[in-house]
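Visitor:
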Amino acid sequence: MKSNRSGQLLIVTLMAALLVITAGCSSDKEKEELSVVHTFKAETMKVAPMELPSIRIFPGRVRSKVQVTLAAKMPGYVKEVPVQIGDEVKKGQLLVLVDDTDVKARIKALYEQKSAARGELSAIEAKYEYAKINFERFSRLFKEESATKDELDRARTQYLALKNQTNAIKAKIKAIDAQIKEARNQLSYLAIKAPIDGWIADRKVDPGTYVNPGIPLIKLDGKGAGFWFEAQIDDALIDNVRPRETVTVSIPALGMITKTQVVHVQRSSHPATNTFVLLADLDEPNLKSGLFGRVYVEVGKTTAIVLPMDVIVMRAGINGVYVVDENRMVHWRIVRLGKKWLKTSTGFLPVLQDIPPGPGDKRMFVTVLSGLSAGEEIISSNLSQAREGGRLEQ
1 MKSNRSGQLL IVTLMAALLV ITAGCSSDKE KEELSVVHTF KAETMKVAPM
51 ELPSIRIFPG RVRSKVQVTL AAKMPGYVKE VPVQIGDEVK KGQLLVLVDD
101 TDVKARIKAL YEQKSAARGE LSAIEAKYEY AKINFERFSR LFKEESATKD
151 ELDRARTQYL ALKNQTNAIK AKIKAIDAQI KEARNQLSYL AIKAPIDGWI
201 ADRKVDPGTY VNPGIPLIKL DGKGAGFWFE AQIDDALIDN VRPRETVTVS
251 IPALGMITKT QVVHVQRSSH PATNTFVLLA DLDEPNLKSG LFGRVYVEVG
301 KTTAIVLPMD VIVMRAGING VYVVDENRMV HWRIVRLGKK WLKTSTGFLP
351 VLQDIPPGPG DKRMFVTVLS GLSAGEEIIS SNLSQAREGG RLEQ
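In this note's numbering, the protein residues as written are 1 to 394.
1) Name the two residues that bound the continuous alpha helix (DSSP H) containing S188.
2) For the beta strand (DSSP E) that contains Q261, what are its first and last residues?
3) Using 8 Å for Cβ pairs, my map puts A304 next to P49. What's the rounded Cβ distance?
4) Please classify Q113: does DSSP put it in a helix, a strand, or coil?
5) Of all the options I257, R203, P195, V103, which has the alpha carbon lying nearest to the alpha carbon of K223?
6) Would you say T258 and D283 are within 9 Å of each other, going by their C-beta atoms?
7) With DSSP run on the structure shown, which of helix, strand or coil describes G119?
8) Tell me, please, which residues DSSP counts as bridged to R333.
9) If we require 3 or more residues per run, which beta strand (DSSP E) segments fall completely within the segment 31 to 96?
10) Ordered along the chain, which non-local residues of its own chain (more than five positions away) have a Cβ less than 6 Å from that of Q232?
11) Where do the N-terminal and C-terminal ends of the beta strand (DSSP E) with D221 fall, by residue?
12) Relative to the C-alpha of E298, which candidate in V277, T246, I192 has its C-alpha closest?
13) Can you list, in chain order, the residues of its chain whose CB lies under 8 Å from that of G86, leaving out five sequence neighbours each side?
14) What's the call for T248, buried or exposed, on a 16-neighbour Cβ count within 10 Å?
15) Buried or exposed for T346, going by 16 or more other Cβ atoms inside 10 Å?
16) On the premise that V324 lies in contact with E377, defined as a C-beta separation below 8 Å, what is that separation, rounded to the nearest angstrom?
17) Tell me whether the segment 90 to 100 and the segment 183 to 193 touch, counting them as touching only if at least three CB pairs, one residue from each stretch, are closer than 8 Å.
18) Output the distance between the C-alpha atoms of A109 and N134, rounded to the nearest integer angstrom.
19) Going by the DSSP bridge assignment, what does Y296 pair with across the sheet?
20) With H, G and I counted as helix, E and B as strand and the rest as coil, what does DSSP make of L237?
21) Report yes if the CB atom of R61 is closer than 9 Å to the CB atom of L279, and no otherwise.
22) Run the CB neighbour count on R63, radius 10 Å, all protein chains shown included, and call it buried at 16 or more, exposed below.
23) Just checking my contact of V205 with V81 at CB under 8 Å: how many whole Å lie between their CB atoms?
24) Between L162 and I215, how many whole angstroms is the CB-CB distance? I'm expecting something under 8 Å.
25) Could you pull out every residue in the same chain whose Cβ sits closer than 8 Å to the Cβ of K127, ignoring the five residues on either side in sequence?
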């Protein structure tokens, strides 16, 4: 009994010793692991305030410098519209044909009337020539006292009657020719053709539509004429935008951002909207009328800390950056962000949700509202290797 108790005591003592040894080894291993600091290489950047433009943004549209609106000149039903919006057309090409059946029928009838009148004239002219010769003969005979006055009077009456008939038929033919000319003009009015080379900017009519004179049917942009950007600007900024001054214009559909010159400013404000019209020159051949865009009008300057978007590291939905302290140790710090900017060859532009970066030298930036101070150093590359508490290699 005593021997069993001694054995149990020995086992308990050995187990306790083993636990102490194991705990000691584990503590040493943890200390060794904690003493290993993650080091990595990366580029850094100094935080510094930057000058940014204070900008007002106004929507607008692209329009051709030469734009022709074609309207109906004659009433009628549209028979044919052989063009679509965006089609390129040549000068003289048919754009809209209004039903010309009645006019063509009228022209045919007029030609038939003219043919009948000419036939009648041919028959009368033969009689007229005979009556003229006969009258001249009786005039001579009367002077020679070889014909009576009654015979001369009858010859004169017949001659004058046929002369009047001949003149009446000639007048009738002339009137018919005038009607034919008018009908042909009407026929040309029914066939609306392109007055210049260009593109169809708008089509407001379909076959079967009844149109009246003056109703716009087709809008045509002149080929090679160039384009304006037209926008309505707040009249409070009329002194900020003058002819020959530079503004920035963006066309989201083309990813286009360009600096351009103001060519016209309407000096009178619209009373209903308190805006004035601005026209800016667009030196871009691939534009189309009607494209939506924006004009950026600079109204001043401001200073703020701005960082490239790709240095921002998000953790659990929170924005932060890796800051490098004086010992080259790296710490992740929360920052509060503000307005986003697009850095372009023309400068910084505020980013709108529906304007993605386009082609060219552009980079996304963001304003830092709090969390950083000027002069601090942050990691700007190799962010996947950055760790909290890591050390940046020299």
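Backbone N, C-alpha and C fix where the C-beta goes; we use that ideal spot for every residue, glycine too. Predicted model, so just to flag it, every value in this text is computed and none were measured.
Guide: Quick answer:
1) Counting along the chain, S188 sits inside the alpha helix (DSSP H) bounded by residues 149 to 190.
2) 256 to 265
3) That pair is a contact at about 6 Å.
4) helix
5) Just measuring C-alpha positions, the residue of I257, R203, P195, V103 sitting nearest K223 is P195.
6) yes
7) helix
8) V321
9) 44 to 46, 49 to 64, 67 to 71, 76 to 80
10) Result list for Q232: T275, in chain order.
11) 216 to 222
12) Nearest in C-alpha terms to E298, of all of V277, T246, I192, is T246.
13) W199, I200, K288
14) buried
15) buried
16) 4 Å
17) yes
18) 37 Å
19) I57, T248
20) helix
21) no
22) buried
23) Their Cβ separation, rounded to whole angstroms, is 6 Å, which keeps V205 and V81 in contact under 8 Å.
24) In fact, because the Cβ distance is near 52 Å, the residues do not count as touching under 8 Å.
25) L162
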